[in-house]
Amino acid sequence: MRRNAKLSRRETLIKLIASGGALSLAGCDFDSRSPGVLSILDSVEPLTRTVQRALLAPREALAREYGPQDISSYFKPNGSTAPDDADYQAAAAKGFADWRLEVAGLVENPMQLSLADLRALPARSQITRHDCVEGWSCIAQWTGVPLSSLLAKARLKPQARYIALFCADTLEETLDGNGKYYETIDLIDAAHPQTILAYAMNGAPLPIEHGAPLRLRVERQLGYKMAKYVMRIEAIDSFEALGRGSGGFWEDRGYEWYAGI
Ligand SMILES: Nc1nc2c(c(=O)[nH]1)N[C@H]1C(S)=C(S)[C@@H](COP(=O)(O)O)O[C@H]1N2
Ligand SMILES: [Mo]
């Protein structure tokens, strides 16, 4: 899927170039599979991305939504599925009754919200397909609070550029460190109508393996962006100081920060 997306971006750029764009590919047959074109296009890949985002697949576009009959009978849990962090386990043992989502950082109105507070806010439900970078997909219904409405209540300061989500699990301990899972998204995705903090899956409270009590759904991107076990969100102006500086747990290990699908 990623490969096709890349090819189609290339083909798109080729069409733009063919229709009189700035780059000269004189003597070229505009076959995207010809090595000459590929090497030129590799060097302008950031441009193709920008062009595609700006003109052809506006990031505000909705991800496809499915019907109830499409919901996967089994949804593969992935990454952390049972955080062993002591605070998390204590919260889970109480059914997250004392858990609070902290909304902090570059906001005028920092907040602490219980699950009941979140459930009392206007909700959105959506049946979407989750695509993991590993190559599998599953469909489920997610219900939660649009991130945009929380941010409207928190009132972003003008310097805010990204939303960081801090999680309870130390997946790093299984790999190469001891930091907690985290993610960042920009304000375009934060404002997207399908970007929600989900507390329910297929009509039931979010199971622990899928991120209880709260997980992000950011439907135009790959699964690793969809932080589970979210404890705190912060409005920030840069993610350089977080983790290893690339904007997320998997990004710090080489995956793309913008994992568009
Ligand atoms: N906190 C946290 N969030 C996470 C992960 C994780 O290990 N920890 N794994 C990510 C990856 S790679 C995927 S594919 C999805 C998996 O979500 P699921 O367990 O509901 O399938 O969660 C993402 N969010
Ligand atoms: Mo994933």
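To convert a position in the sequence shown, counted from 1, into this note's numbering, add 38.
Glycine included, every Cβ here is placed at the ideal spot set by N, Cα and C.
Predicted model only: the values in this text are computed from it and were never measured.
Near residue i, what residues of its chain come up, given a Cβ to Cβ distance below 7 Å and the 5 sequence neighbours on each side ignored?
i, result
"K114", "W174, C176"
"D123", "A206, D207, T208"
"A101", "T166, Q232, E257, R258"
Note down the Cα distance separating residue i from residue j, rounded to an integer number of angstroms.
i, j, result
"V183", "L235", "5 Å"
"K191", "A135", "22 Å"
"D108", "R97", "25 Å"
"I271", "A131", "23 Å"
"K218", "Y104", "33 Å"
"A161", "T181", "7 Å"
"V171", "S118", "15 Å"
"L244", "C205", "15 Å"
"L209", "A99", "32 Å"
"G281", "D224", "17 Å"
"V256", "H168", "10 Å"
"K263", "G286", "8 Å"
"W137", "A129", "6 Å"
"Q150", "M269", "10 Å"
"G215", "W295", "20 Å"
"L254", "L139", "12 Å"
"G283", "A202", "12 Å"
"A273", "V145", "7 Å"
"P325", "A242", "Outside the displayed span of the chain (39 to 299) sits residue 325, for which this structure offers no information."
"A60", "L189", "Caution applies to A60, whose pLDDT of 39 falls short of 50 and renders its modelled position unreliable; the model cannot decide the point."
"L252", "D155", "13 Å"
"E211", "V141", "26 Å"
On a Cα-Cα basis, can you pick out the residue from the options that is closest to residue i?
i, options, result
"R291", "S186, A129, N240, L213", "L213"
"K195", "G143, L151, H248", "G143"
"E289", "A206, E221, T233", "E221"
"E278", "C205, Y200, M269, I226", "Y200"
"G133", "A124, N116, L153, R282", "L153"
"P121", "S284, K266, E294, F287", "K266"
"L260", "I299, E211, L188", "I299"
Just to confirm, are residue i and residue j a CB contact at a threshold of 8 Å?
i, j, result
"N240", "R193", "no"
Please look up how many angstroms separate the CB atoms of residue i and residue j, rounded, as I've assumed it's under 8 Å.
i, j, result
"D275", "Q197", "5 Å"
"D227", "R258", "7 Å"
Apart from the five residues just before and just after residue i, which ones in its own chain have a Cβ nearer than 8 Å to its Cβ?
i, result
"S325", "Because the chain is modelled from 39 through 299, residue 325 falls outside the range shown and cannot be assessed."
"Q127", "P121"
"R157", "Y237"
Near residue i, what residues of its chain come up, given a Cβ to Cβ distance below 6 Å and the 5 sequence neighbours on each side ignored?
i, result
"I165", "E103, Y104, Q179"
"L159", "V183"
"S110", "C176, I177"
"A250", "L244"
"E247", "P115, T119"
"A297", "Q259, L260, K263"
"Y112", "none"
"Y293", "none"
"S62", "With a pLDDT of only 36 at S62, under the threshold of 50, the placement of this residue in the model should not be trusted; the figure read from the coordinates follows. If we look at S62 and ignore the five residues flanking it on each side, it has no Cβ neighbours."
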